[in-house]
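>
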Amino acid sequence: MPLQLDHDIAAALAAGAEAAADVALPERDDPLALREITNQTLTTLLANLPSAPEVDAAAFEAISADGTTVPMRWYTRGTDKPGAAIVFVHGGGMICGSVDVYEPLIRHYVHLTGVPFLAVDYRLAPEFPGTAPAEDAFAAISWLFDNADKLGVDAARIALMGDSGGGGVGAGAAILARDNGIDLARQILIYPMLDDRNTTPDPALAPTATWTYDNNYTGWHALLGDDIGSPSVSPVAAPARLDDFTGLAPAYIEVGELDIFRDEALDYARRLLSAGVSCELHLLPGAPHAHDLIGMPFPIGRRSLDEKIRAITTV
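Each residue of the sequence shown is one higher than the last, beginning at 1 in the UniProt record's numbering.
Right under this line is the structure:
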């Protein structure tokens, strides 16, 4: 029997497809068009989250490896005394998303957990290709470690979290942290985008893909250019290229069984474990890419949220 979409997500996708019947889909290898429609979709999916007015936000900046200023936003629940903290790397397939787009979700996480989040507005491809996004995320990690005492953060309890493209950028930043002697407490990778070689459609996954193989090629080609799929790709840009997983931060990885990132996420978990790195793995039946956002009102979304809250609050 073929894999089946969760029935609530299937209904939500059908309703969304009907509502967007007149919207032209972006062509393969048009990252700016894909950016526009993806940002619109993310904004719509996150629009109904509660406003969380008790969550405060403050602007900070870090300096990336090439001297670029990286904007960041520090979210805290005003009455809480921070202990653990999360460096949050938003999703967007390497080419889209922003802290502004993700702000409702970030506020929701802080509201539910009481754990402060440092959200990174990292640079995006195609304007800033290669390792620039991961270098920016690593700059945020380094900044938080340097400023932990001022912010009331326990430096032994700083974790990283990212979804989709942000999961890939975050995993690259976690590699840089390991290589620079910074010990992250955890890397929370939600359906992470890890492997630039994943551009050939799997017939079992393609029909229900919410992030398609064409989308994936567009994102990776924007980031890597003609190096996509070649042996020269840096694991900081595409973490599935990493050879040595020793010493990486313990991981929480979540992915759906109908996500085109499923196999690369499972393989990343396997390689972490083989290197002696603790990894908690969640494979959700019937779940496509962005299952937590599409399925937010439904049992599958609530289950995913509950597990992420546990992963955040136990850092």
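Where is the CB? At the ideal position from N, CA and C, for every residue including glycine.
Since this is a predicted model, take the numbers as computed values, not measurements.
#1: Considering just the uninterrupted stretch of the alpha helix (DSSP H) at E280, what are its terminal residues?
#2: Curious, which full-length beta strand (DSSP E) runs of at least 3 residues does the region 103–188 contain?
#3: Which runs of the alpha helix (DSSP H) fall wholly inside the region 238–299 and span at least 4 residues, in chain order?
#4: Excluding the 5 residues flanking A119 on each side, which residues of the same chain have their C-beta closer than 6 Å to its C-beta?
#5: On a Cα-Cα basis, can you pick out the residue from G219, S234, G295 that is closest to G97?
#6: For the alpha helix (DSSP H) containing E36, list its first residue and its last residue.
#7: Measuring from the CB of L272, is there a heavy atom of the ligand FMN at a distance below 6 Å?
#8: Helix, strand or coil: how does DSSP classify R303 here?
#9: Take R77 and list the residues in its own chain whose beta-carbon comes closer than 8 Å to its own, dropping the five residues that flank it on each side.
#10: Spell out the partners DSSP gives P71 in its beta bridges.
#11: Here's a check: name, in chain order, each residue in its chain whose Cβ is nearer than 7 Å to the Cβ of residue 368, leaving out the five neighbours to either side.
#12: Measuring CA to CA, which of A12, Y122, E307, G247 is closest to D183?
#13: Do we get a CB-CB distance below 7 Å when we pair W143 with the residues of chain B?
#14: Do L224 and D196 have their C-beta atoms closer together than 7 Å?
#15: Pick helix, strand or coil for A14, following the three-state DSSP scheme.
#16: Output the distance between the C-alpha atoms of L273 and P203, rounded to the nearest integer angstrom.
#17: Going by other Cβ atoms of all chains shown within 10 Å of its Cβ, with 16 needed for buried, is G162 buried or exposed?
#18: Under a three-way DSSP split, which group does R197 fall into?
#19: For R186, does the count of other Cβ atoms within 10 angstroms reach 16, so buried, or fall short, so exposed?
#20: Any idea which residues DSSP pairs D227 with across the strands?
#21: Excluding sequence positions up to five away, which residues of its chain have a Cβ less than 6 Å from the Cβ of W143?
#22: How many angstroms separate the CA atom of A65 from the CA atom of H90?
#23: For the beta strand (DSSP E) that contains S85, what are its first and last residues?
#24: Would the beta-carbon of D259 fall within 7 Å of that of H289?
#25: By the three-class DSSP mapping on this structure, what secondary structure does D8 have?
#26: With a 10 Å radius around its C-beta and 16 neighbouring C-beta atoms as the bar for buried, classify V23 as buried or exposed.
#27: Which one or two residues does DSSP pair with V55 in a beta bridge?
#28: Taking N215 as the reference, give the member of Q4, I188, F261 with the closest Cα.
#29: In whole angstroms, give me the CA-to-CA distance for M1 and V255.
#30: Please classify I190: does DSSP put it in a helix, a strand, or coil?
#31: Please confirm whether G165 and G93 have their CB atoms less than 7 Å apart.
Here's the rundown:
#1: For the purposes of this step, residue 280 is identified with residue 280 of the sequence shown, where counting begins at 1. Counting along the chain, no alpha helix (DSSP H) covers E280; the unbroken beta strand (DSSP E) around it starts and ends at 279–284.
#2: 117–120, 158–163
#3: Complete alpha helix (DSSP H) runs here, min 4: 262–274, 291–294.
#4: Indexing the sequence shown from 1 puts residue 119 at position 119. So the list reads R73, F88, V99, I106, once near-sequence residues are dropped.
#5: By one-based count along the sequence shown, residue 97 stands at place 97. Taking only the C-alpha atoms, the option nearest G97 is G219.
#6: Translated into the one-based positions of the sequence shown, residue 36 becomes position 36. Looking at the DSSP string, the run of the alpha helix (DSSP H) that includes E36 is 31–46.
#7: With respect to the ligand FMN, the structure shown offers nothing to examine, as it has no ligands at all.
#8: Counted from its first residue, the sequence shown places residue 303 at position 303. R303 falls in the helix class under three-state DSSP.
#9: Against the sequence shown, residue 77 aligns to sequence position 77. Here the set comprises E54, V55, D56, V110, H111, G114, P116.
#10: Translated into the one-based positions of the sequence shown, residue 71 becomes position 71. In the DSSP output, where bridge partners are listed per residue, P71 has E61.
#11: The question about residue 368 has no answer, for the chain in this structure spans 1 to 315.
#12: Counting from one through the sequence shown, the residue named residue 183 turns up at place 183. Among A12, Y122, E307, G247, the Cα nearest to that of D183 is on G247.
#13: No chain B appears in this structure, which consists of one protein chain only.
#14: For the purposes of this step, residue 224 is identified with residue 224 of the sequence shown, where counting begins at 1. For the purposes of this step, residue 196 is identified with residue 196 of the sequence shown, where counting begins at 1. Yes, these two residues count as a Cβ contact at 7 Å.
#15: By 1-based counting over the sequence shown, the position of residue 14 is 14. DSSP places A14 in helix when its eight states are reduced to three.
#16: One-based indexing of the sequence shown puts residue 273 at position 273. One-based indexing of the sequence shown puts residue 203 at position 203. A direct Cα-to-Cα measurement between L273 and P203 gives close to 29 Å.
#17: Residue numbering aside, residue 162 sits at position 162 when the sequence shown is read from its first letter. That one is buried.
#18: As a position in the sequence shown, residue 197 is number 197, starting the count at 1. Coil, per DSSP.
#19: Numbered from its first residue, the sequence shown carries residue 186 at position 186. R186 comes out buried.
#20: What you label residue 227 is simply residue 227 of the sequence shown in a count that begins at 1. Answer is none; D227 lacks a bridge partner.
#21: Within the sequence shown, the letter at position 143 stands for residue 143. If we look at W143 and ignore the five residues flanking it on each side, its Cβ neighbours are A62.
#22: Locating residue 65 in the sequence shown gives position 65, where the first residue counts as 1. Locating residue 90 in the sequence shown gives position 90, where the first residue counts as 1. If I take the Cα positions, the gap works out to 20 Å.
#23: Position 85 of the sequence shown, counted from the start, is the residue given in the question as residue 85. What sits at residue 85 in the sequence shown is Ala, not Ser. It spans 85–89 - the beta strand (DSSP E) in which A85 sits, taken as one unbroken run.
#24: Looking up residue 259 in the sequence shown gives position 259. Looking up residue 289 in the sequence shown gives position 289. Closer than 7 Å, so yes.
#25: Start at 1 with the first residue of the sequence shown, and residue 8 comes out as number 8. In the structure shown, D8 sits in a helix (DSSP, three-state: H, G or I).
#26: Start at 1 with the first residue of the sequence shown, and residue 23 comes out as number 23. Under this definition V23 is an exposed residue.
#27: Your numbering for residue 55 matches position 55 in the sequence shown. In the DSSP output, where bridge partners are listed per residue, V55 has R77.
#28: Here residue 215 refers to the residue found at position 215 of the sequence shown. When each option's Cα is compared against that of N215, the closest is F261.
#29: Looking up residue 1 in the sequence shown gives position 1. Looking up residue 255 in the sequence shown gives position 255. Rounded to the nearest angstrom, the two C-alpha atoms are 21 Å apart.
#30: Taking the first residue of the sequence shown as position 1, residue 190 is located at position 190. Residue state, collapsed to three classes: strand.
#31: Your numbering for residue 165 matches position 165 in the sequence shown. Your numbering for residue 93 matches position 93 in the sequence shown. It is a contact, given that the beta carbons lie within the stated cut-off.
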